[in-house]
Amino acid sequence: MKMFSFRPLVGVTLAAVLGLSLNACSKDQSGNEPKLQELIIALDWVPNTNHTGLYVALDQGYFKEAGFDAKIVQPSEDSTSTLVANKRADFGVYFQPNMVKRLNKGEPITAVAAITQHSSAGLLSLAELDAGTPQDLQGKRYSTWEDPVDDAVVEQVVGAPLNKIPGESTDATTALRMNQFDYIMAYYSWDGIHAGIKGVDTNFFYLKDADPVFDYYAPLLIANNDALKNNPEKYKKALAAIKQGYLYAAHHPDESADILVKHAPEINVELAKKSQAYISPQYLDEQGDWGRFDYDRWDRFFNWVYQKGLMDEFTPKAGVTNDYLTQ
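FYI, in mature numbering (1 follows the signal peptide of the UniProt record, and there is no 0) the residues of the sequence shown are -26 to -1, 1 to 301.
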């Protein structure tokens, strides 16, 4: 599922950092501090609780302790995957379904960490539409950004044909209330909770409840293949720092929500708190670890995509690795 409507972060824009080498270094005035290596992390959308662990790692000094001067940025024009593929960002927040198009094009990107272990993607509609099951949405107006994989998933869940309304919306609840469409693919962890805060009665159908194959990885972190090969220790150290951030957020949801709002003050505090309470447990797997992919689950979704004719070829563990994660 694609997230959209990019805008600059407060105090940090992509343009401000792209003029710097990804290997740029800095030190304090005494000249005695170890040099810090530039680390650029590109978000997928506006700051939200998918990104909390990144802000915690920045705020708590985990990046600096690992030797990095980290910048968290939002792309204003190019997509996150394009920035990573062109080595203009070290990491990017992305989604397994959206990787299909990029892998088909041969883009040199690999998923290196799962931000959440289970997807909260689903179909959001107003309660007044009176949809008791996803199939009740058949024939209703579906808001689409015309990603073929997303549309194929929705068609499988709802039933063909889809009544598509192309477009983008940064506020799904408001768009639903304005009758721009009848339902949209959204994330409960943000959009579903946002609707509740606004006092809007909605129905939400998780995609993974319709078929476990749709419990794909979203969101995740991607990195450049050549960069991973040429500097593996850099990526291992950076991911260890990021892991610290997400482990903190998993165990301290209230405090980590405060950190998120500190760095992105435009976020509604109540939304941050409630969303964080929901998503913090989702960061960890059954063993209490962060970041690791279940290759079988990854392959099941990509095999489904391949069977639908949307992937050029199916290769086990295509575009994914756990090799850069610490134990």
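Backbone N, C-alpha and C define an ideal beta-carbon position, used for all residues, glycine too.
- Residue pairing by DSSP puts M159 in a beta bridge opposite L97.
- Using a C-beta cut-off of 8 Å, the region 82 to 96 makes contact with the region 178 to 193, since at least three inter-stretch Cβ pairs fall below that distance.
- Separation of the CB atoms of I167 and S143 is rounded to 17 Å, and the pair is thereby denied contact status at 8 Å.
- The straight-line gap separating the alpha-carbon atoms of D156 and K210 is approximately 44 Å.
- Counting the other CB atoms within 10 Å of its CB gives K45 a total of 16 or more, which places it among the buried residues.
- In this structure, DSSP gives N22 a state outside helix and strand, which the three-state scheme calls coil.
- Under the three-state reduction of DSSP output, S55 falls in the helix class.
- With fewer than 16 other Cβ atoms from the protein chains shown falling within 10 Å of its own Cβ, A101 counts as exposed.
- Per DSSP, reduced to three states, the secondary structure at K208 is helical.
- Here the region 5 to 23 makes contact with the region 54 to 70; the two share three or more CB pairs at distances below 8 Å.
- In this structure, the beta-carbon distance from W164 to A224 does not fall below 8 Å.
- Residues I171 of the same chain have their beta carbon placed closer than 6 Å to that of E244, with the five preceding and five following residues left out of the count.
- Per the C-alpha coordinates, the member of Y36, K282, G293 and I233 positioned closest to Q130 is K282.
- Straight through space, the alpha carbons of L32 and G41 are spaced by roughly 12 Å.
- Counting only residues of its own chain and dropping the five nearest sequence neighbours on each side, S55 has a CB closer than 8 Å to the CB of G66, Y68, N72, M73, R76, E81, I83 and I196.
- P82 carries a coil assignment under DSSP once its states are collapsed to helix, strand and coil.
- For G170, the enclosing alpha helix (DSSP H) begins and ends at I167 to I171.
- I139 is bridged by DSSP to S117.
- Ranked by Cα distance from T148, the first of Y257, A169, Y29 and Y161 is A169.
- Ranked by Cα distance from Y298, the options K203, D43 and L10 are led by K203.
- When rounded, the separation of the alpha-carbon atoms in D183 and V20 is 27 Å.
- When rounded, the separation of the alpha-carbon atoms in E39 and Q11 is 11 Å.
- One thing to note: Y257 has its Cβ within 8 Å of the Cβ of G27.
- V47 sits in a strand when the DSSP states are folded into three classes.
- In its chain, beyond the 5 residues on either side, Y29, V30 and D33 have a beta carbon closer than 6 Å to the beta carbon of I233.
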